[in-house]
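These protein sequence lines are chains R and X, in that order. Residue numbers for the first sequence follow my numbering, beginning at 1 and rising by one. Residue numbers for the second sequence follow my numbering, beginning at 1 and rising by one. Here is the structure we will look at, set down as structure tokens.
There are 2 protein chains.
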Amino acid sequence: MAVKTGKYTYLLENTPSVLSFGSVGSKKESEGPLGQYFDVINPDSTFGESSWEKAESKMVQISVSQALSKGNFEADQIDMAFAGDLLNQCIGSVYGLRDLGIPFVGLYGACSTMAESLALAALFVDTAIAKKALAVTSSHFCSAERQFRFPLEYGGQRPPTAQWTVTGSGACVVGESGAAPYIRAVTIGCIEDLGIKDANNMGAAMAPAAAKTITRYLADTHTRPEDYDMILTGDLGQVGSALLEQLLEQEKIHLQGRHQDCGLLIYDRQQQDVHAGGSGCGCAASVLCSFILPKIRKGTLGDVLFVATGALMSPTSSMQGESIPGIAHLVHLSSSRRRKGVE
Amino acid sequence: MAVKTGKYTYLLENTPSVLSFGSVGSKKESEGPLGQYFDVINPDSTFGESSWEKAESKMVQISVSQALSKGNFEADQIDMAFAGDLLNQCIGSVYGLRDLGIPFVGLYGACSTMAESLALAALFVDTAIAKKALAVTSSHFCSAERQFRFPLEYGGQRPPTAQWTVTGSGACVVGESGAAPYIRAVTIGCIEDLGIKDANNMGAAMAPAAAKTITRYLADTHTRPEDYDMILTGDLGQVGSALLEQLLEQEKIHLQGRHQDCGLLIYDRQQQDVHAGGSGCGCAASVLCSFILPKIRKGTLGDVLFVATGALMSPTSSMQGESIPGIAHLVHLSSSRRRKGVE
Chain R
1 MAVKTGKYTY
11 LLENTPSVLS
21 FGSVGSKKES
31 EGPLGQYFDV
41 INPDSTFGES
51 SWEKAESKMV
61 QISVSQALSK
71 GNFEADQIDM
81 AFAGDLLNQC
91 IGSVYGLRDL
101 GIPFVGLYGA
111 CSTMAESLAL
121 AALFVDTAIA
131 KKALAVTSSH
141 FCSAERQFRF
151 PLEYGGQRPP
161 TAQWTVTGSG
171 ACVVGESGAA
181 PYIRAVTIGC
191 IEDLGIKDAN
201 NMGAAMAPAA
211 AKTITRYLAD
221 THTRPEDYDM
231 ILTGDLGQVG
241 SALLEQLLEQ
251 EKIHLQGRHQ
261 DCGLLIYDRQ
271 QQDVHAGGSG
281 CGCAASVLCS
291 FILPKIRKGT
301 LGDVLFVATG
311 ALMSPTSSMQ
321 GESIPGIAHL
331 VHLSSSRRRK
341 GVE
Chain X
1 MAVKTGKYTY
11 LLENTPSVLS
21 FGSVGSKKES
31 EGPLGQYFDV
41 INPDSTFGES
51 SWEKAESKMV
61 QISVSQALSK
71 GNFEADQIDM
81 AFAGDLLNQC
91 IGSVYGLRDL
101 GIPFVGLYGA
111 CSTMAESLAL
121 AALFVDTAIA
131 KKALAVTSSH
141 FCSAERQFRF
151 PLEYGGQRPP
161 TAQWTVTGSG
171 ACVVGESGAA
181 PYIRAVTIGC
191 IEDLGIKDAN
201 NMGAAMAPAA
211 AKTITRYLAD
221 THTRPEDYDM
231 ILTGDLGQVG
241 SALLEQLLEQ
251 EKIHLQGRHQ
261 DCGLLIYDRQ
271 QQDVHAGGSG
281 CGCAASVLCS
291 FILPKIRKGT
301 LGDVLFVATG
311 ALMSPTSSMQ
321 GESIPGIAHL
331 VHLSSSRRRK
341 GVE
């Protein structure tokens, strides 16, 4: 069972595993440093579909089908699917999962969705509600751009703080197993809002939520950053990553080179003109499922705190002058079922 | 712990209770048959805010604050909030809950959200992940109308199959207790899509999902409609309700007058010009939290299957020619902890 420790964190005593996982990306992702690690790359970002939104659903189908087939699972072995995305009414997930007949728990966590879905899947497996649960999310540069910003044809200028929405999806099947990667603990985040209103600076809006969730997790578990090999945020990008480290320094938490950000890993900012880095639900999801989980499985990465962050605004709330609330959920992934130390 | 019975249903062995609940509505809701049962009615549908979206968030604040205060709870006693709504990026819930500091699990289940959030809250309490969990959702006629259909000022004609989005919110605090209403079982629905494309006929799009979930629940629990006092759908309205009964007849399941629909209960269709009935996340939520839960608490209603249904489309998917997928989640509410019969 899941044992609450402190106020916000659950230790998963049955340590569910990520049994299998799949990732998909497109041309820009293939040209980045992680391109070789993706299961599927389709350089045609339409994925053969007639709209960007349908292309995004197609990516969900691909990442889920990769996760299922790599684990030799059929859809009817999955007790529950946790999924959501950035599109209005989460249509990326809905149409992507429509044909599978898996009980569906629709989520909205913006770019925190990979951590939110993985945390819920892990809690459900740990408490034996589900034997196997699916966690999946996606984003598409073109569907996000026209929904949140401008039509692609407009060719709007992007400020240096802007990030580039990843065209990609990642899916995990969580279940009981004796093999790594294990899910050892989760922290469900609270909504944090320090008043940032610049919709071209999501990193700044989300950094306080990441700082809060990391601080709470470390306090709840009586651990320090040194107890982990990597503290991996979702898509803070360059601006948000710097702010996160500053905010944690104020709390006397020193990440000391252990911090990585999926938004900074996925693209080469010198070569790829992505400004402050990658973003979108598919950023954290595809980096986790292509580059990180295989290393934890092999044991080349030991303990990773995966902290995906979301900006919970809409274009409507921004136009109405509202600030941008952020949220961050944390999942402790590990190559070992139990580790030295206090946890 | 939650014990899976059949393929889709969980029996909640620790039978969590709905400890307290709150409801809010506006002018049209107050003029309907259930007006007197709401905790809070504000005939000014702006709720003192400068936009319809902010008014919707205000309703979330009101229903949650009612649910908390009626149970003598403080926000920091709540381990987890499950919430979502119809607005793009679920901003009704996000801005409504922003200031409470409760760990937040954002959901998207369209008009099924009250059942989805209540089911998750019940599963979390039953498995002791949470001691107390909040389930809340909302809708607002004016924010929904301009997002999903036309600007209010346009004065578009509404076909007879159209429904009227309820301006309202309902919130439940779920926890351990020795008192009714108990949550005895939940069924998580699958996405069902029979190809309906008429965005003015949501009842028809959602009825197949309701039929499927009810059929599965009855099969999983080896029970019949006669074992329940009420089978309460969320917002099928007149068209969807008739279709549901037809679809169930085909499965040889006869509801025999036990079926009620929140969308038909909340307004007087003869007097209030709402066409096929009420709809929206706030429909099922506010009817449940004003009219139904008090009756279960008193014992004047024994066993109720609460089946909220959602239409998981967006205006974009409809414009792109996609059909409308539906989903229905089921929560078995009861005035007694254990009942006669096979379950």
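Note that the Cβ used here is the ideal one computed from N, Cα and C, for glycine as well. It should be emphasised that the depicted structure is a prediction, and the values quoted were computed from it without experimental measurement.
Between leucine 312/R and glutamate 116/X, what straight-line distance do the alpha-carbon atoms span, to the nearest angstrom? Those two C-alpha atoms are separated by around 20 Å.
Short of 6 Å in beta carbon distance, which residues of its chain neighbour isoleucine 345/R, apart from the five on each side in sequence? Order them along the chain. Residue coverage of chain R in this structure runs from 1 to 343, which leaves residue 345/R outside it and unanswerable.
Measuring only the C-alpha atoms, how far is leucine 305/R from lysine 54/R? 32 Å
Just list the residues that DSSP pairs tryptophan 164/X with in beta bridges. Gly278/X
Check whether the Cβ atoms of leucine 118/X and alanine 133/X sit closer than 7 Å, and answer yes or no. no
So, with DSSP's three-state summary, where would you put leucine 118/X? helix
Cross-chain neighbours of phenylalanine 104/X in chain R, by beta carbon under 8 Å: Ile188, Gly189, Cys190, Ile191 and Ile327
Let me know the secondary structure DSSP gives serine 286/R once reduced to three states. Here DSSP, grouped into helix, strand and coil, assigns serine 286/R to helix.
7 Å Cβ cutoff, arginine 184/R in contact with chain X: Between arginine 184/R and chain X, the shortest Cβ-Cβ separation is not below 7 Å.
The stretch 154–170 of chain X touching the stretch 270–290 of chain X, judged by at least three CB pairs closer than 8 Å: yes
Determine the direct distance from the alpha carbon of threonine 9/X to that of glutamate 343/R, and round the result to whole angstroms. Unreliable placement is indicated for glutamate 343/R, whose pLDDT of 43 sits below 50; the coordinate value is still reported in the next sentence. So the alpha carbons of these two residues sit roughly 34 Å apart.
Closer than 6 Å by C-beta to lysine 340/X: which residues in its own chain qualify, once you throw out the five before and the five after it? Chain order, please. Confidence in lysine 340/X is poor, its pLDDT being 45 and thus under 50, which makes the residue's placement unreliable; the coordinate value appears in the next sentence. Nothing meets the Cβ criterion.
What three-state label does DSSP hand threonine 316/X in the structure shown? helix
Which residue or residues does DSSP assign as beta-bridge partners of leucine 305/X? Ile231/X and His332/X
Close Cβ partners of alanine 67/R (< 6 Å) along its chain, the five nearest in sequence each way excluded: Ser20, Phe21, Gly22, Ala171 and Val173
Between which two residues does the beta strand (DSSP E) holding serine 23/R run? 17–25
Length of the line joining the Cα atoms of glutamine 346/X and glycine 310/R: Within the shown structure, residues of chain X are numbered from 1 to 343, placing residue 346/X beyond reach of any answer.
Quick one: grab the DSSP three-state call for alanine 210/R. helix
In terms of DSSP beta bridges, what is isoleucine 41/R paired with? Per DSSP, Gly25/R.
Residue environment, valine 3/R, which counts as buried when at least 16 other CB atoms sit within 10 Å: exposed
In chain order, what residues of the same chain lie with their CB nearer than 8 Å to the CB of leucine 120/R, ignoring the 5 residues before and after it? Phe82, Val105, Leu107, Ala133 and Ala135
Could you give the DSSP three-state label for alanine 180/X: helix, strand or coil? DSSP places alanine 180/X outside both helix and strand once states are collapsed to three, so it counts as coil.
Near-chain X residues of the stretch 114–144 of chain R - C-beta to any C-beta below 9 Å: Glu116, Ala119, Leu120, Leu123, Phe124, Asp126, Thr127, Ala128, Ile129, Ala130, Lys131 and Ser143
Could you tell me whether the Cβ of serine 317/X comes closer than 7 Å to any Cβ of chain R? yes
Nearest to leucine 12/X (by Cα), restricted to the options Arg149/X, Lys70/X, Phe124/X and Asp79/X: A check of alpha carbon separations from leucine 12/X across Arg149/X, Lys70/X, Phe124/X and Asp79/X identifies Phe124/X as the nearest.
Does glycine 101/X get closer than 7 Å to chain R when you measure Cβ to Cβ? By this cut-off, glycine 101/X is an interface position.
From glutamate 49/X to aspartate 229/R, what distance separates their C-alpha atoms? 48 Å
If we count the other Cβ atoms within 10 Å of its Cβ and call it buried at 16 or more, is alanine 210/X buried or exposed? buried
Using C-beta distances below 8 Å, list every residue in its chain close to leucine 301/R, excluding the 5 sequence neighbours before and after it, in chain order. Asp229, Met230, Ile292, Lys295 and Ser335
List the residues of chain R that aspartate 154/X touches, going by C-beta distances under 7 Å, in chain order. According to the sequence shown, residue 154/X is tyrosine rather than aspartate. Those within 7 Å of tyrosine 154/X in chain R number zero; the least Cβ separation is about 18 Å.
Helix, strand or coil: how does DSSP classify isoleucine 91/R here? helix
Taking DSSP as the reference, what is the three-state secondary structure of valine 342/R? Because valine 342/R sits at a pLDDT of 41, beneath the cut-off of 50, its placement in the model cannot be relied upon, and the following sentence gives the value as read from the coordinates. When secondary structure is reduced to three states using DSSP, valine 342/R falls in the coil class, being assigned neither helix nor strand.
Closest by C-alpha distance to glutamate 7/R, when choosing among Ser17/X, Gly71/X, Lys131/X and Ser45/X: The residue asked about is misnamed: residue 7/R is lysine in this sequence, not glutamate. That would be Lys131/X, whose Cα lies nearest to the Cα of lysine 7/R.
Establish whether the CB of glycine 280/R and some CB of chain X are separated by less than 7 Å. Not closer than 7 Å to any Cβ of chain X, the Cβ of glycine 280/R fails to qualify, so no.
For cysteine 111/X and valine 331/X, I'd like the C-alpha separation in whole angstroms. For cysteine 111/X and valine 331/X, the gap between their C-alpha atoms comes out near 14 Å.
Of all Cβ atoms in chain X, is any one closer than 7 Å to the Cβ of alanine 308/R? no
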